[in-house]
């Protein structure tokens, strides 16, 4: 994944955005912020987002609505999402979130070290997966264009060895 991918932090409360940005600052990852689900979707669709920290309850477009929309598009389907909520998480809510492919549902306020650990793992894993997918796509294109010969077609045929009596 390009090194300019960002973590998108989405919350309708400016003070929470500031707290999350401060907690993530030691990681030195590029951050982008949005204060609504609509703004979040606009930034996500522009590309270069490698992780979304998403407030669950926002006016107009909720965090679950954003997650549903992201999972419906090929270009955003694999971006990890962490839902953040200041309210208790019911079994139903957790089940809905996980069925949408949300990586985690976290209660606010979240411990900064815990947040950084989750973010580092999810962001870097997504970057590695995107990088590997890009390599696979490039190799497939080379194979299709004939510029790479499959490894097994370059290997010599195995030689059979025989003992002194000529038996294999």
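Numbering (full-length UniProt numbering), first residue to last: 1 to 168. Note that CB positions come from ideal geometry on N, CA and C, so glycine has one too.
1. Output the distance between the C-alpha atoms of residue 58 and residue 48, rounded to the nearest integer angstrom.
2. Less than 7 Å between the beta carbons of residue 103 and residue 122, yes or no?
3. Note down the Cα distance separating residue 13 from residue 34, rounded to an integer number of angstroms.
4. Please list, in chain order, all residues of the same chain as residue 145 whose beta carbon is under 7 Å from its beta carbon, the five residues on each side excluded.
5. DSSP three-state label for residue 97, please.
6. For residue 29, which of 52, 38 and 129 has the nearest alpha-carbon?
7. Does residue 37 come out as helix, strand or coil in the three-state DSSP assignment?
Straight from the coordinates:
1. 23 Å
2. yes
3. 10 Å
4. none
5. helix
6. 52
7. helix
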